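Peer 1:
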Amino acid sequence: MILKDENMAKVLFLIMSGDEKFDLAMRMAYNSVKNKRYEDVKVIYFGPSQKKLTQLDGDMKNMFQELLQNKIVDSACIGVAQAMNIKPHLENLGVSLMPAGERVSYYVNQGYEVITF
1 MILKDENMAK VLFLIMSGDE KFDLAMRMAY NSVKNKRYED VKVIYFGPSQ
51 KKLTQLDGDM KNMFQELLQN KIVDSACIGV AQAMNIKPHL ENLGVSLMPA
101 GERVSYYVNQ GYEVITF
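Residue numbers are given in UniProt numbering: position 56 of the sequence shown equals residue 56, and the series is strictly consecutive.
Okay, structure coming up:
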């Protein structure tokens with residue numbers, strides 16, 4: 001039985017890595033939601049992780065789609081998407097594209113703790 005603590009934190013996963021750390025971050029974010037570890041969980045993709053999003057398959061793709069459907073995924077950076085020429089790919093995945101700096105500051109100002117991978 002999971003007891004809900006009145007002082008549960010709100011967490012923002014800022015996923016930047018395009019390597020094996022991406023998989024670790026996705027799994028931690030996914031399990032955090034599944035196990036109700038925090039009051040709220042959001043995910044922002046920035047930098048190399050955005051390219052990795054366009055290449056997902058198997059478990060990672062399923063986890064991503066579930067996070068997206070449950071409105072856990074906030075956005076990916078529009079500037080990076082344009083610079084990497086992957087904007088249409090990310091839009092086709094259903095990811096909102098917004099300036100990462102704006103979104104991170106929004107969540108920090110709302111009291112979210114930032115976990116970075």
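We treat Cβ as the ideally placed atom computed from N, Cα and C, and that holds for glycine. Since the structure is predicted, the reported quantities are computational estimates derived from the model, not experimental observations.
Straight-line CA distance for Ser-17 to Ile-78?
Peer 2: 17 angstroms
Peer 1: Can you list, in chain order, the residues of its chain whose CB lies under 7 angstroms from that of Gly-94, leaving out five sequence neighbours each side?
Peer 2: Leu-68
Peer 1: According to the neighbour-count rule (16 or more other Cβ atoms, all chains shown, within 10 Å of its Cβ), is Ser-105 buried or exposed?
Peer 2: So Ser-105 counts as exposed.
Peer 1: Taking contact to mean 3 or more Cβ pairs, one atom from each stretch, closer than 8 angstroms, check whether the segment 42-62 and the segment 8-26 are in contact.
Peer 2: Verdict: yes, contact present.
Peer 1: If we count the other Cβ atoms within 10 Å of its Cβ and call it buried at 16 or more, is Ala-83 buried or exposed?
Peer 2: Label assigned to Ala-83: exposed.
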